[in-house]
Every structure is written in C-alpha cells, then in structure tokens.
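Heads up: the structure comes next, in structure tokens.
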Amino acid sequence: MRLKWIKEREGVSPVIATILMVAITVVLAAVLYVMVSGYMSGAGGGEPYVMLTSNSAEMSKINVAVNRDEPLSSYKVYLFINNTKDNASSLETLTPGTAGNLTFIDGDGGGRLTTGDVFNITALPGTNYELYIFWKQTGARVGYCKIRTT
Numbered sequence: 004m005r006l007k008w009i010k011e012r013e014g015v016s017p018v019i020a021t022i023l024m025v026a027i028t029v030v031l032a033a034v035l036y037v038m039v040s041g042y043m044s045g046a047g048g049g050e051p052y053v054m055l056t057s058n059s060a061e062m063s064k065i066n067v068a069v070n071r072d073e074p075l076s077s078y079k080v081y082l083f084i085n086n087t088k089d090n091a092s093s094l095e096t097l098t099p100g101t102a103g104n105l106t107f108i109d110g111d112g113g114g115r116l117t118t119g120d121v122f123n124i125t126a127l128p129g130t131n132y133e134l135y136i137f138w139k140q141t142g143a144r145v146g147y148c149k150i151r152t153t
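To convert, take the position in the sequence shown, counting from 1, and add 3; that gives the numbering used here.
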C-alpha cells in the first residue's frame with residue numbers, strides 16, 4: 004500500500020474568511036456592549052444616585068443632590084452614631100419631620116427626594132455620624148455621608 008501525498012489543497016476562500024471574521028467581530032462587539040451597558044445604567048439596574056454633602060461651618064446639616072426625583076416612599080434612611088445604628092433616627096420609609104436625632108426637610112414640599120432637600124442631625128461634640136440612604140426596590144445603597152462633630 005502506497006501513501007499518496009496531496010500537494011495541492013484548497014482552503015477557505017479569502018472572501019469567505021473575511022466575512023466570517025467580520026461576523027465574529029460583530030457578535031463579540033454586541034456581547035461586550037450588552038455586558039458593559041449594565042454597568043453604565045447604575046448599580047443594580049437604574050437606582051437613583053443621591054449625593055449627600057455637609058460643609059465645615061454647619062457639620063450637622065447635610066444637603067441633598069439627586070440625579071433624578073423619586074417619591075420619598077422609595078427610600079429608607081439609617082443613621083449610625085459612633086458605628087452603632089440609631090434605631091430611633093432610622094426611617095424604613097423616608098418622611099418629612101423628626102425621628103430621634105434626625106430631621107428631614109422636604110425643601111419643595113413635593114413629596115419627592117429632590118436637590119435642595121436637607122437632613123439635620125442633632126449632633127453632640129466629638130461624635131461620628133454616618134447617614135445611609137437605601138433604594139427600597141433593590142436594597143442598594145444610593146447615598147452616604149460621614150461627619151465628625153468637633
């Protein structure tokens with residue numbers, strides 16, 4: 004039995020190879036886009052972002068800035084004093100008024116968390132305070148502020 008060597012072999016044509024490479028690239032780009040777009044829409048898929056700031060002159064006053072207005076009932080707020088949750092100051096549903104050491108003022112009175120709303124903390128000197136805001140639909144933390152009174 005003799006082995007026969009094939010010296011000429013036809014491969015995939017350059018046109019077909021190019022079309023396959025372009026198709027694979029498009030599919031990979033689409034998969035990558037879908038994966039990355041989930042990160043761009045925000046953690047957990049679209050929670051609002053709440054920025055809490057306090058200036059050095061009024062450490063117990065925390066100003067609110069949000070990327071979109073949502074009803075107050077969409078949020079829950081926890082106040083920690085020296086790393087311990089203050090249950091009297093924590094709100095399972097955000098409402099205007101005072102709870103324990105925490106007062107929330109709905110700046111425009113519209114029942115929505117908007118830029119310009121204010122949290123006031125009845126503060127003691129030399130104390131650490133941490134204010135957490137959570138989005139109730141997903142449980143994700145959407146706002147945080149830490150202050151230390153002097």
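Glycine included, each C-beta is placed from N, C-alpha and C at the ideal position.
Computed from a predicted structure; not experimentally measured.
Identify the continuous beta strand (DSSP E) that holds Arg144 and give its terminal residues. Residues 144 to 151.
Nearest-angstrom Cα separation, counted from Phe107 out to Met54: 15 Å
Using only CA atoms, which one of Val15, Ser92, Gly119, Thr117 lies nearest to Leu134? Nearest C-alpha to Leu134: Ser92.
Measure how close the beta-carbons of Asn104 and Thr125 come, nearest whole angstrom, since I'm counting them as under 8 Å. At roughly 4 Å, the Cβ-Cβ gap stays under 8 Å, so Asn104 and Thr125 are in contact.
Separation of Val34 from Tyr81, as counted between CA atoms: 39 Å
Excluding the 5 residues preceding and the 5 following Lys88 in the sequence, name in chain order all residues of the same chain whose CB lies nearer than 8 Å to its CB. Tyr81, Leu82
Do Glu50 and Val145 come within 7 Å of each other at the CB atom, strictly closer than that value? yes
Decide if Leu154 is buried, meaning its Cβ has at least 16 other Cβ atoms within 10 Å, or exposed. What is shown of the chain runs 4 to 153, which leaves residue 154 out entirely.
Determine the closest residue to Asn66 out of Pro128, Thr152, Asn123, with distance taken between C-alpha atoms. Asn123
Do Leu116 and Leu75 count as a contact pair if the criterion is CB distance below 7 Å? yes
Just curious, the beta strand (DSSP E) that Ala126 is in, first and last residue? Premise fails: Ala126 is in no beta strand (DSSP E) and is neither H nor E.
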